[in-house]
Every structure is written in structure tokens, then in C-alpha cells.
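So the sequence lines, in the order shown, correspond to chains A and B. Read in order, the letters of the first sequence are residues 391 to 648 in my numbering. Read in order, the letters of the second sequence are residues 94 to 387 in my numbering. Each residue gets a CB set at the ideal place from its N, CA and C atoms; glycine is no exception. All figures in this text were calculated on a predicted structure; none of them were measured in a lab. Beneath this line is the structure, given in C-alpha cells, with notes to follow.
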Amino acid sequence: MAPPPAIRFDRTGQVFSARSGRVEALRDVSFEVAQHEFLAVLGPSGCGKSTLLRMIAGLLAPTSGSVEVYGRPVTGPREDIGIVFQKPTLLPWATVEENVTFPRRHKTGRVSRADRTRAQELLEMTGLEGFGKRLPDELSGGMQQRVGIARALLMDPEILLMDEPFSALDALTREVMGFDLLKMFADRPKTVVFITHSVTEAALLADRVLVMTGRPGTVQTEIAVPLGRDRGPETLKELAVNDLASHLRDLLIGKRAA
Amino acid sequence: MTSPRICATSSSASGQPEMAQESWPAPAVTPFRDALAAALRRAGQIPGLATLLTLAGTVAFWEVAVRLFAVPSYLLPAPSAILGTFGVIGWDRWATHIAATLRVALMGFGLSILIAIPLAVLMMRVQILSRTLYPLLVVIQSTPVVAIAPIIIVVLGAGDAPRIVITTLITFFPLVVATATGLAATPPELIELSRSLRAPGFREMTQIRLPFAVPYIFSALKISITLAVIGAVVAEFCAAEAGVGYFIQVSTSLFKLPQAWGGLLVLAAMSLALFQTVILVQRLLFPWSLPKSR
Chain A
391 MAPPPAIRFD RTGQVFSARS GRVEALRDVS FEVAQHEFLA VLGPSGCGKS TLLRMIAGLL
451 APTSGSVEVY GRPVTGPRED IGIVFQKPTL LPWATVEENV TFPRRHKTGR VSRADRTRAQ
511 ELLEMTGLEG FGKRLPDELS GGMQQRVGIA RALLMDPEIL LMDEPFSALD ALTREVMGFD
571 LLKMFADRPK TVVFITHSVT EAALLADRVL VMTGRPGTVQ TEIAVPLGRD RGPETLKELA
631 VNDLASHLRD LLIGKRAA
Chain B
94 MTSPRICATS SSASGQPEMA QESWPAPAVT PFRDALAAAL RRAGQIPGLA TLLTLAGTVA
154 FWEVAVRLFA VPSYLLPAPS AILGTFGVIG WDRWATHIAA TLRVALMGFG LSILIAIPLA
214 VLMMRVQILS RTLYPLLVVI QSTPVVAIAP IIIVVLGAGD APRIVITTLI TFFPLVVATA
274 TGLAATPPEL IELSRSLRAP GFREMTQIRL PFAVPYIFSA LKISITLAVI GAVVAEFCAA
334 EAGVGYFIQV STSLFKLPQA WGGLLVLAAM SLALFQTVIL VQRLLFPWSL PKSR
């Protein structure tokens, strides 16, 4: 029997009961993410993309259907998952290095020498060498988000959840960050669920794109990206990327017009 | 604060003649005006000079006005008469009064911090406490402390205790509210991170919520420290054997108005010094929590 997929959604729904009434965020969502696959989730704002991530992380239980990680239903917060948020949300009083080791200090109350070495490695990997003693405030938005990524990778999680991580950055920084991210995964493969509302970003970075519709969020279609993992700035010029991006754009806009 | 403005006006005033000097022969007065403008510009860069000049100007105007119109000293004593009382009273008596007021203000303020911050933490953690305690706090806050003060004095009797309680009552409400607001204003992402790590709840409080509340707490501390001086004075008005508030009351009842004004001056200086101390503590211990000056 084949090993179970890293993540599996099976007819999953999520209904929030607000004061104004029931709000259906997700309906009948089914998809799988294979081990070490990079899945981009693309959709209009308010289609429940972030809700999806919170259910994988175990911060939110589905109201119908199921969410499985490695073949087991998610029942509570999972520690083997790293989360990168839209905003870096660092601790302004802590140095970059302390921010990276924060998950360990927060969980156990102390940081070991091994953790500090690991943090140093991660800072090198994310291009923040020499910035360990700086405060977040002294860093640019892009560098702050790199700290956020390093923090998410401290515990070496198998699964990395990224919630529009580059949406607050300028276009150029955004591209560079994306390719740097792929480079990092080349050495240490991770299963990635990457939320975005940029069609180009989805086409450039992902192995597969899950296109969603809005309110309630449902899976519109899944599209495999016809590119290898070895991507860089020159990939931007490839026809396949542009074709895919415009196809994705059509899917999103067509749905909105209808 | 006001100094850059003086600097700006003086430089713009000097800009004209300086430029004129280059293109054609300068009028005879320009060197002097230039020197004056340059001096003004330099003076504008000395921190606090503008504030000092404003103060000095006000005092001088006050002195001249009182003398010119022969205002009786029980209506408005001249600054010179007020300052004169400092010598008459003697520094050891001043020191006694200042120490008494400072002791009550600081102990009330300290007690207020000790109660307010744990209370805010508790209210954050336990929803029921928040719902039950908050209305009670509002009721306490809505009751004029000046009105309860005599009752507290009767209940708690002689000594510092009633005065400290009065000071605490007047200072702790802003602290509780600000701390509770700060604890709730933490970025929700970090709370999710904490939950996803399955970290113990007290660390969410000590490592995330409380530090994020620090700027809020210090805003409230700045309000509370000046309220503490007010609380101590109110208490001294009701019952005391020493203290600057007591001194003012006694002086007024003896129609020694310049003395009373002297006491007022001391209180203002005390409030200002305590306020600046709070700012200094924040700058030294939590420099990251200060607003960015850009």
C-alpha cells in the first residue's frame, strides 16, 4: 500500500457561528498534498484560505468532513508544523537570534547550545548572516519576513504552512524571496502549503496550484505546474509560466464575473 | 519641542540678508542683524532654552504686574514674595513635608501597581472575573475619591495607611484598564504560534502578552504618577500632621498666601520630577517600547 499523503482534506467544511448568523467559510473541500510537495492555494480574498491553514495546524477543528496529516485525523495543535504569517510578527524587544529561537524558549523555557547553532544555520540559510544581534526594528520588511521563516524552521518541521508570506513586500523583494525559498527546500525538502493571491507567484513557486472560489470557499480546480524545481529569475521569461499565470488569472476573474 | 520652531523662524529671517550680501554691497546694519540672527539660531538649538525663556518671561510679567497694580498678596503674591518664604520656612521643615508627601504618593503608587497588574492578568485569564470585576471597578472609579477620603480616614484611623489607600484608589483604575487593553492587544498570530507550540499558558502571559503590554502600562504609569501626588494631597487635606498638602492648608488658614503658593510650587516640581522619572525608567529598561522618533 502506498504511504498516506502528507495532508488530506476529505469533504471538509467549516462553518463559523457569528453573532450575525452562520458564516460558511469552506464547503466540501477535498484535496491531497504529497510528501515534499509545494502546493500553492490561490483564491480571492475571503475564500477561507487562512482557515484551511489553521485546520492543518490543528488550531481549528473542521465542522464537517476531516483533515488528516500523515493518515491521522488532526485533533489538536501539532508541533511538527511551522507557520509563517502574512506579517512577520516578531518580538520587538528580542534580537533576531532570540526571535528565531523563540519557539524553543516559549515551549520549554530554555534554549540549548544546539538550538543556538541551529538558529545560526538558519540565519545563514535565509541570508541574514551577521544580523543575529540586531533588533527587528532595524531590519527591512523583507529581512523581517526572513526572520519569520527562520523561526518557523527552528524545530525542523516536516510541514511548512505559509499564509501570504510575501504579500506585504515590494514586487522585486517578493521574487527574490520566492526563489530563495525554493533554494532552501532543494537542500532540505519540506511539504509546503503556500497561500497566495498572486497568480505569478503561484505559477513560479508551486508544483501544483489549488484554485479556490470565494464564499464559501470550494475547490475550483487543481493544476499541475509543468516546470522542474530548478527555478530562478530566468524562469520568469519562460512561456509556460506566463501561459499558466494567464490561465490562472482567467479562472479567477471568470469566476468573479459570473 | 518649541525650540526647533524658534530655530526655523530665525534662520528664515536671516536667509534674506545673507543672500543679498553676495549680489550687491551690503547695507551697514546687516553685519549686526546677521550676528543676531546667527545667535538666535544657535540659541534655538540649545535644548530646553525656549521652555526656560517662556517660564522666565511669565514670572517676570507676573512680578511686574503685581507690583505695578499693587495686587494684595492674599489675592496674588509676587513671585519674589513666594520665593522669599522658602528661606523663612527653612529647608529642614520643607524636607519633612516633602518626604511625607513623597512617601504616601510613592507607596500608594507602588501598591497600585502591585494590585493593578496582577488583577489585569487575572481578568485576562479568567473571563468570569473580567465580567464581574469590571463593573465593580467602574463603580469605584465613578465615586469621587475626594468624597470617600474622609470616610476612609475614619475607618483606617491615624497613620499613613488611610492616605496610602486613598492614593491607591485614585491611581489604580487607569493602570488596570491600560494593562488589560495591552494584554488583549497582542498580535493574534503570536497567540496562534503559542497555541501551536502547545506552550504552557503562563509563558504566553510572560513571554508574549505582558511584554506587548509594556507600552500601554507605561502610558498609564505616567498618568498614575501625577494622580498619586493628587491622591496624597487630597488625603493630607483630610487628616495629616505633615506633608506639602497639609502645609498648604495650614498656610491658607493662617492667611499666609505666599507660603501656600510656595507649597504649590513644590508640588508642581515634585509631580514633574516623578513624571520624568517614569519616562527615564521606561527609556532605561524598555527602550524598544518608546514611540519611534522619525
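Cβ-based neighbour list, residue i, same chain, cut-off 8 Å, excluding 5 preceding and 5 following
i                       : result
tyrosine 167 of chain B : Phe348 and Leu350
alanine 415 of chain A  : Gln404, Val405, Phe406, Gly438, Thr441, Pro606 and Gly607
glycine 177 of chain B  : Pro351
valine 631 of chain A   : Thr590, Ala593, Leu594, Leu617 and Thr625
serine 205 of chain B   : Thr260, Thr261, Thr264, Phe265, Leu268, Ser317 and Ala321
leucine 638 of chain A  : Leu432, Val589, Ala592, Ala593, Val599, Val601 and Ile613
Counted within 10 angstroms of its Cβ, other Cβ atoms place residue i as buried (16 or more) or exposed
i                            : result
serine 440 of chain A        : buried
arginine 494 of chain A      : buried
leucine 377 of chain B       : exposed
serine 235 of chain B        : exposed
glycine 433 of chain A       : buried
phenylalanine 125 of chain B : exposed
threonine 370 of chain B     : exposed
leucine 383 of chain B       : exposed
alanine 128 of chain B       : exposed
glycine 499 of chain A       : exposed
arginine 302 of chain B      : buried
arginine 387 of chain B      : In this predicted model, arginine 387 of chain B has a pLDDT of only 44, less than 50, meaning its place in the structure is not dependable enough to derive any value.
Own chain, CB closer than 6 Å to residue i, minus 5 neighbours either side, in chain order
i                            : result
phenylalanine 569 of chain A : Gly622
valine 413 of chain A        : Phe406
valine 419 of chain A        : Phe399, Thr402 and Val609
leucine 448 of chain A       : The residue asked about is misnamed: residue 448 of chain A is glycine in this sequence, not leucine. Contacts found: Val464, Gly466, Pro467 and Arg468.
aspartate 470 of chain A     : Pro547 and Glu548
isoleucine 585 of chain A    : Val431, Lys439, Asp553 and Glu554
threonine 274 of chain B     : Tyr309
alanine 424 of chain A       : Pro395
proline 579 of chain A       : His426
glutamate 111 of chain B     : With a pLDDT of only 47 at glutamate 111 of chain B, under the threshold of 50, the placement of this residue in the model should not be trusted; the figure read from the coordinates follows. Hits under 6 Å: none found.
alanine 635 of chain A       : Val589, Thr590 and Ala593
Given residue i as reference, the closest of the options once Cα atoms are compared
i                         : options                                   : result
aspartate 597 of chain A  : A:Ser420, A:Leu429 and A:Asp620           : A:Leu429
glycine 355 of chain B    : B:His190, B:Pro124, B:Leu204 and B:Ile139 : B:His190
isoleucine 284 of chain B : A:Arg444, A:Gly618 and A:Asp418           : A:Arg444
leucine 207 of chain B    : B:Thr261, B:Phe340, B:Arg296 and B:Phe179 : B:Thr261
isoleucine 446 of chain A : A:Met552, A:Asp560 and A:Ile643           : A:Met552
serine 435 of chain A     : A:Lys627, A:Ser588, A:Met574 and A:Arg524 : A:Ser588
alanine 655 of chain A    : B:Leu286, B:Val374, B:Ala362 and B:Phe305 : Given a span of 391 to 648 for chain A in the structure shown, any question on residue 655 of chain A remains unanswerable.
arginine 196 of chain B   : B:Ala321, B:Leu378 and B:Leu358           : B:Ala321
isoleucine 246 of chain B : B:Leu176, B:Thr194, B:Ala332 and B:Pro124 : B:Ala332
leucine 230 of chain B    : B:Ala242, B:Leu212, B:Gly141 and B:Val239 : B:Leu212
isoleucine 372 of chain B : B:Ala325, B:Leu358 and B:Ala313           : B:Ala313
serine 317 of chain B     : B:Pro280, B:Ala335, B:Ser364 and B:Val337 : B:Ser364
valine 486 of chain A     : A:Leu529, A:Met574, A:Thr603 and A:Lys627 : A:Leu529
aspartate 367 of chain A  : A:Tyr460, A:Glu488 and A:Glu519           : Outside the shown range of chain A, which is 391 to 648, sits residue 367 of chain A, and nothing can be said about it.
tryptophan 187 of chain B : B:Phe368, B:Ile341 and B:Phe379           : B:Ile341
threonine 272 of chain B  : B:Thr144, B:Val307, B:Phe330 and B:Arg134 : B:Val307
leucine 641 of chain A    : A:Thr603, A:Arg619, A:Arg462 and A:Lys627 : A:Thr603
Unbroken beta strand (DSSP E) run spanning residue i, endpoints
i                         : result
leucine 314 of chain B    : No beta strand (DSSP E) holds leucine 314 of chain B; the alpha helix (DSSP H) holding it covers 303-331.
methionine 552 of chain A : 549-553
methionine 216 of chain B : First-last for methionine 216 of chain B: 184-218, but that is the alpha helix (DSSP H), not the beta strand (DSSP E).
glycine 411 of chain A    : 411-423
alanine 408 of chain A    : 397-408
alanine 430 of chain A    : 428-432
glutamine 610 of chain A  : 608-614
valine 582 of chain A     : 581-586
glycine 338 of chain B    : No beta strand (DSSP E) contains glycine 338 of chain B, which is instead part of the alpha helix (DSSP H) from 337-346.
Sequence-distant residues of its chain with Cβ nearer than 7 Å to residue i (five each side left out)
i                      : result
serine 223 of chain B  : Met216
alanine 558 of chain A : Gln476, Lys477 and Gly531
leucine 512 of chain A : Val490, Ala540, Leu543 and Leu544
Residue i CB to nearest heavy atom of the ligand FAD below 7 Å
i                      : result
alanine 396 of chain A : Absence of the ligand FAD is noted for the structure shown, with no ligands found whatsoever.
Endpoints, alpha helix (DSSP H) assigned at residue i
i                         : result
glycine 568 of chain A    : 561-577
glycine 538 of chain A    : 531-543
isoleucine 246 of chain B : 238-249
valine 474 of chain A     : Not the alpha helix (DSSP H): valine 474 of chain A falls in the beta strand (DSSP E), residues 471-474.
methionine 445 of chain A : 439-446
arginine 506 of chain A   : 503-515
leucine 283 of chain B    : 281-289
Proximal residues of chain D, C-beta to C-beta of residue i below 9 Å
i                        : result
glutamate 469 of chain A : Here chain D cannot be found, since the structure's protein chains are A and B.
- Item | the segment 417-440 of chain A: positions lying closer than 8 Å to chain B by Cβ | none
- Query: Mind listing which residues of the segment 279-308 of chain B have their C-beta closer than 7 Å to chain A's C-betas, in chain order?
  - Reply: Within the segment 279-308 of chain B, the residues whose Cβ lies closer than 7 Å to some Cβ of chain A are Pro280, Glu282, Leu283, Glu285, Leu286, Ser287, Arg288, Ser289, Leu290, Arg291, Ala292, Arg296, Gln300 and Pro304, listed in chain order.
- Task: Give, in chain order, every residue of the segment 368-387 of chain B whose Cβ lies closer than 8 Å to some Cβ of chain A.
- Result: Phe379, Trp381, Ser382 and Lys385
- Query: Taking any Cβ of chain B, which residues in the segment 437-461 of chain A have a Cβ under 8 Å from it, in chain order?
  - Reply: Arg444, Ala447, Gly448 and Leu449
- Which residues, in order along the segment 519-540 of chain A, keep a beta-carbon less than 8 Å from a beta-carbon of chain B? Leu525 and Asp527
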